[in-house]
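In the working numbering, the protein residues as written are 116 to 586.
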């Protein structure tokens with residue numbers, strides 16, 4: 116047995132051939148045992164090597180403190196702009212370039228990799244495209260790959276064996292997910308032996324992932340179109356009804372243009388029997404009474420996940436079936452959103468102080484009212500009445516209850532609510548199916564990346580010809 120074979124067997128590489136002295140030297144310095152015992156390290160393809168990110172890339176920090184915003188300034192990429200290998204450009208913040216700390220090398224170059232270093236998206240990353248060269252990195256890290264294909268490394272950082280098995284484990288050692296440059300540099304990568312093979316894998320993944328991304332974008336566009344149709348339907352029905360042939364009359368007050376001639380227009384305060392602000396008590400993870408907060412109001416319904424609790428609350432602040440909750444304090448684009456409570460008093464649910472509870476009287480159906488106060492024209496008008504403050508707006512109950520709404524006869528309100536319930540259920544079913552398809556596509560994308568960057572799927576020139584033929 117040769118010395119090379121003995122070294123290979125000692126290091127647990129079985130029958131891998133030792134091709135040169137440099138490879139023998141690399142094998143004498145294996146990754147830490149905790150990585151060598153990982154399943155992905157034990158299935159290293161022939162000829163591939165394990166290396167730390169810091170051995171093939173330079174890592175630096177982005178800006179610790181962003182400079183003042185400037186609408187005509189330079190784009191700054193933040194953690195919220197990074198999304199599984201892609202950079203969202205729709206809401207990029209722009210900052211004053213004259214106030215950037217030049218000593219920190221703030222500007223990004225094409226093919227550098229930005230990595231989220233803190234928060235819920237810690238470890239997520241994306242390569243900088245050519246069109247974003249010259250942007251700056253926010254509170255993130257930047258890897259400049261110098262000894263491998265930057266695009267291959269970018270894909271590797273998105274794979275399960277790096278993102279889930281290494282980065283997430285490192286980042287969760289503290290109460291708040293966090294990753295520093297030393298930890299990022301210690302990440303172990305599986306690297307094909309030649310730059311040509313790395314770039315062949317990149318070319319294949321670029322083609323397939325682009326096709327997947329296009330399919331996902333098309334499906335998201337379908338969802339947007341369905342939501343627009345749904346919104347248009349609601350606005351039409353709550354101001355014209357579902358009965359055909361009804362004569363209409365113009366109103367042209369506040370947000371209401373016209374209504375059927377036999378309908379009325381009234382202020383919200385006329386159709387409610389009580390208005391209440393929620394509790395101000397501190398909540399706990401466990402307790403007797405679930406507490407609804409502003410985050411639980413989603414698209415006209417109440418999301419009962421992630422609840423906090425209190426042990427005591429006065430009985431008059433327990434919610435009853437049909438109670439309407441609206442958000443009185445939130446960001447300017449979220450204030451005023453509302454939802455109807457469909458559970459019962461026996462559930463003993465209460466609500467926090469940023470919410471206001473409206474209980475309708477005999478003149479109104481709460482489910483009809485819920486559709487009214489969540490339509491876009493009503494919300495747009497209501498938000499103009501909100502009082503702005505630092506990053507928030509406040510829409511108090513006095514202002515809210517003065518807003519005009521259409522008021523059909525109570526029987527017709529019930530008809531409209533039932534009709535819209537059926538249509539919303541149908542649309543939601545279609546949207547849910549499309550969202551499931553998007554999840555499947557994204558999971559396939561993740562799986563494909565992992566298989567390619569770990570050598571489980573070997574990419575040949577024939578594979579490239581096939582994807583180019585379909586491109």
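Beta carbons: idealized from backbone N, C-alpha and C, even for Gly.
By DSSP, does residue 227 sit in helix, in strand, or in coil?
coil
Does the region 552-561 come close enough to the region 324-338 that 3 or more CB-CB pairs lie under 8 Å?
yes
My parser needs the alpha helix (DSSP H) runs of 4 or more residues fully inside the region 159-241; what are they?
none
Have a look at 550, 433, 443 and flag the residue whose alpha-carbon is nearest the alpha-carbon of residue 514.
443
Count the other CB atoms, across all protein chains shown, that sit within 10 Å of the CB of residue 198; report buried if there are 16 or more and exposed otherwise.
exposed
Pick out whichever of 264, 269, 180 has its Cα sitting closest to the Cα of residue 257.
269
Rounded to whole angstroms, what is the Cα-Cα separation between residue 456 and residue 163?
58 Å
Shortest alpha-carbon distance to residue 175 belongs to which of 265, 280, 297?
297
On the CB-based measure, 16 or more other CB atoms within 10 Å of its CB, does residue 148 come out buried or exposed?
Bear in mind that the predicted position of residue 148 carries a pLDDT of just 45, short of 50, making it too unreliable to give a figure here.
Just how far apart, CA to CA, sit residue 326 and residue 551?
18 Å
Going by C-alpha distance, which of 469, 337, 248, 461 is nearest residue 452?
469
If you follow the alpha helix (DSSP H) that residue 354 is in, where does it begin and where does it stop?
310-355
Could you tell me which whole alpha helix (DSSP H) segments of length 4 or greater appear in the region 435-510?
481-489, 491-500
For residue 584, count neighbouring C-beta atoms within 10 Å of its own C-beta (all shown protein chains included) and say buried if the count is 16 or more, exposed if not.
exposed
Would residue 505 be called buried (16 or more neighbouring beta carbons within 10 Å of its own) or exposed?
exposed
Give the single residue among 259, 466, 441, 279 whose Cα lies nearest to the Cα of residue 396.
466
Grab the span of the beta strand (DSSP E) containing residue 388 for me, first residue to last.
387-392
In angstroms with no decimal places, state the Cα-to-Cα distance between residue 315 and residue 574.
7 Å
Taking the straight line between their C-alpha atoms, what separation do you get for residue 310 and residue 576?
15 Å
Whole angstroms is fine: what's the gap from residue 479's alpha carbon to residue 387's?
8 Å
Tell me the rounded alpha-carbon separation between residue 435 and residue 458.
7 Å
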